[in-house]
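According to UniProt numbering, the sequence shown is numbered sequentially starting from 1. Every residue, glycine too, gets a C-beta built ideally from N, C-alpha and C. None of these values were measured; they are calculated from a predicted model. The block underneath contains the structure these notes are about, expressed in structure tokens.
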Amino acid sequence: MAIAKTIEPDQDHTHPVVELRVRATPDQLSVLRALAATVAIHEDFDLDSIADIKLAMDEICTQLIVRATPDALLVCRLQYLDNTLRVDVSSTTTSVGSLGERSFAWHVLNALTDSVDLKQEPDPATAGFVTTMEFTKVKNGLSL
């Protein structure tokens with residue numbers, strides 16, 4: 001089974017990181033959407049933002065799953081800090097393919113989130129790439 005490299009969390013324990021590792025298969029999408037929604041609900045995001053976060057998680061994970069090497073894992077990290085939810089998803093992929101700023105998926109992610117980023121580095125152990133997609137969503141629309 002290929003091991004995905006992950007971004008290590010800051011050692012600031014006042015802002016914990018939630019991490020989940022699952023097989024890079026489509027049947028895991030509902031679990032990942034539920035995790036993202038649960039964290040967003042816990043941090044008091046409004047309903048529209050929660051829906052955007054779930055859709056963005058689904059889009060990022062789907063993009064990585066279709067490019068994943070056999071037996072790859074998806075490593076999902078969520079951290080809430082300064083009114084912003086940061087979500088990183090990594091997997092070992094065969095290529096970047098059509099990912100990037102010109103793809104339809106990128107436009108969808110830009111519409112749903114406040115920022116989106118893609119990082120990739122060669123993985124000599126699998127002859128593939130460790131691909132990490134990240135998005136952020138700022139909490140707004142709450143009435144205190």
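* Could you check how far apart the C-beta atoms of Leu74 and Gln28 are, in whole angstroms? I think they sit under 8 Å. => 7 Å
* To do: Can you tell me which of the three DSSP states Thr132 falls into?
  => strand
* DSSP state of Ala34 mapped onto helix, strand, coil -> helix
* Among residues of its own chain, excluding the 5 on either side of Pro19, which ones have a beta-carbon nearer than 6 Å to its beta-carbon? -> For the sequence presented, residue 19 should be read as Glu rather than Pro. Only Arg77 meet the Cβ criterion.
* To do: Using only alpha-carbon positions, find the residue among Ser91, Val31, Met133 that is nearest to Thr113.
  => Met133
* To do: Can you give me the Cβ contacts of Ala40 inside the same chain, cut-off strictly under 7 Å, excluding the 5 residues immediately before and after it?
  => Ser49, Ile50, Ile53, Leu85
* What three-state label does DSSP hand Pro70 in the structure shown? -> coil
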